[in-house]
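Visitor: The sequence shown stops at residue 111 when you use numbering that gives the first Met the number 0, and every number in between is there.
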Amino acid sequence: MPLRSLEIAPSGAFFRLQMPALLLVFLVLLGCPLASRSALEVPSATSGYVELSRDATWLRLLHYQGGGIGNTRSAIHSPEFFLDPQGSTDAAAELSATVRALHQPVVVGGGG
Numbered sequence: 000m001p002l003r004s005l006e007i008a009p010s011g012a013f014f015r016l017q018m019p020a021l022l023l024v025f026l027v028l029l030g031c032p033l034a035s036r037s038a039l040e041v042p043s044a045t046s047g048y049v050e051l052s053r054d055a056t057w058l059r060l061l062h063y064q065g066g067g068i069g070n071t072r073s074a075i076h077s078p079e080f081f082l083d084p085q086g087s088t089d090a091a092a093e094l095s096a097t098v099r100a101l102h103q104p105v106v107v108g109g110g111g
């Protein structure tokens, strides 16, 4: 029985064949820190909400009236309207509470 010579793959052939698999593993591992972040992690009011809460559109949405920042009060007096207990006078607290509420799970089929 004649001996056959072993064929040796050209250098780099292994990596050319394995590159798609390695790329897929890299992309999956790259996404792991993003996937591990909790959906309920919501930025606090100090991380930009204060500036956004001063926006005229947000203030109009809450029916705020007043002479300026820190001197505003909503024309709505019903506590059920606001998500934050201080929402009628604190636009940043109300914005923070609104964003937190938007990140809460939705309950389907809650009877009433």
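Beta carbons: idealized from backbone N, C-alpha and C, even for Gly.
All of these numbers come straight from a predicted model, not from anything done at the bench.
(1) Label Leu-94 either buried or exposed according to how many other C-beta atoms from any shown protein chain fall within 10 Å of its C-beta, with 16 as the threshold for buried.
(2) Per DSSP, what are the beta-bridge partners of Arg-72 in this structure?
(3) Indicate whether Gln-64 and Arg-72 have their beta-carbon atoms separated by less than 9 angstroms.
(4) So is Arg-36 buried or exposed if we call it buried at 16+ other beta carbons inside 10 Å?
(5) Going by alpha carbons, who is nearest to His-62 out of Ala-92, Ile-75, Gly-47 and Gly-108?
(6) What's the gap between the Cα of Ala-96 and the Cα of Gly-108?
Guide: The short version:
(1) Taking the first residue of the sequence shown as 1, we reach residue 94 at position 95. Per the 10 Å Cβ criterion, buried.
(2) As a working mapping, residue 72 is identified with position 73 in the sequence shown. Per DSSP, the beta bridge partners of Arg-72 are Gln-64.
(3) Here residue 64 is taken as the residue at index 65 of the sequence shown, counted from 1. Here residue 72 is taken as the residue at index 73 of the sequence shown, counted from 1. A contact, by the Cβ cut-off of 9 angstroms.
(4) Numbered from 1 along the sequence shown, position 37 holds the residue referred to as residue 36. The predicted model places Arg-36 with a pLDDT of 49, which falls under 50 and marks its position as unreliable; any figure quoted below should be read in that light. So Arg-36 ends up on the exposed side.
(5) Counting from one through the sequence shown, the residue named residue 62 turns up at place 63. For His-62, the nearest C-alpha among the options comes from Ile-75.
(6) Counting from 1 along the sequence shown, the entry for residue 96 is found at position 97. Counting from 1 along the sequence shown, the entry for residue 108 is found at position 109. Taking the straight line from one Cα to the other gives about 24 angstroms.
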